[in-house]
Amino acid sequence: MARTRRPLIAGNWKMNGLQADGIALAKAVAEGVRQAAWADREVLVCPPSTLVLAVAAAVRGSGLLVGGQNCHAKASGAHTGDVSAEMLRDAGASHVIVGHSERRADCGETDAIVRAKAEAAWRAGLTPIVCIGETLDEREAGRTLAVLEGQLTGSVPGGATADRLVVAYEPVWAIGTGKTPTTPEVAVAHAHIRKVLGGIMEGATSVRLLYGGSMKGSNAAELLAAGDVDGGLVGGASLKADEFLAIAKAA
Ligand code: PEP
């Protein structure tokens, strides 16, 4: 089967950004993307939900994509404080992150909840970026691959296709810590993820698998060169336009 895995560099701004600085950041990234005119990679920013509409408007026409960081499984209703996938789509999003480890930990999101959110993304016409990753305890217990397998089979809905799914491998202990796995360790994890996907969906060889966890301009090329890595999910380093664009350039 032909490989059609165009690298995707996605920025997760987390709970950062007021209107002025968020829009300035988005415009700076958009300008870099517009100038580079990359046909061979995609660049996405996921601002907090308060900024999705304004950021999407500010970057329109640049080629920079915009996504949400989370969505509710339902399209609408009595869910105070939540945002639906349809609302994100309406605001200009093309993607939504689901199952980030911070939401799994802070909000008790289970694999079943993440799966329902991924289905909601499809219902709204968004591409979910399904996040999985082991904790330090799980890693030290030698359970990394088993944990990834369990999260994947629990979080990826039936009927997945490569053009409607992105998976991000984010070791929890690497997020925001400055620590990263070695390139061979990333390659082993990604190869396993692709193998497991092969057992649960058609076209697994074409699904984009992102690495996330303390990626920055100085280590991006090495991490992105690991086998089966098709891009990155970038937290802290996505808050600086130059740093984020350096990662996109490395892809
Ligand atoms: C993330 O939050 O998805 C992430 C990868 O964060 P950081 O790049 O800051 O480790």
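Residue numbers for the sequence shown follow my numbering, so the first one is -14 and each next one is one higher. Here a beta-carbon is modelled for each residue, glycine too, at the ideal position from N, C-alpha and C. Treat the numbers as computed from the prediction; the structure is a model and nothing was measured.
Partner residues in the beta bridge of Val151, as assigned by DSSP, are Ile114, Arg193. The three-state secondary structure of Gly202, taken from DSSP, is helix.
Note on the segment 34 to 111: whole beta strand (DSSP E) runs with a minimum of 3 residues are 50 to 53, 80 to 83, in chain order. For Glu119, there is no enclosing beta strand (DSSP E), as DSSP marks it with neither H nor E.
Distance from the CA of Arg26 to the CA of Arg(-9), rounded to the nearest whole angstrom, comes to 5 angstroms. Of the heavy atoms belonging to the ligand PEP, at least one sits nearer than 7 angstroms to the Cβ of Leu218. Here Ala145 has Met186 as same chain residues with Cβ atoms under 7 angstroms from its own Cβ, once five neighbours each way along the sequence are excluded.
A straight-line Cα-Cα distance of about 9 angstroms links Val44 and Val14. Here Leu(-7) carries a strand assignment [DSSP, helix/strand/coil]. The three-state reading of DSSP puts Gly127 in coil, since its state is none of H, G, I, E or B. Below 8 angstroms, enough C-beta pairs join the segment 16 to 26 and the segment 43 to 63 to call them touching: three or more.
Excluding residues up to 5 positions away in sequence, Ser34, Gly53, Asn55, Cys56, His57 lie with their Cβ nearer than 8 angstroms to the Cβ of Val68 in the same chain. Beta bridge pairing from DSSP links Leu29 with Ala(-5), Leu50.
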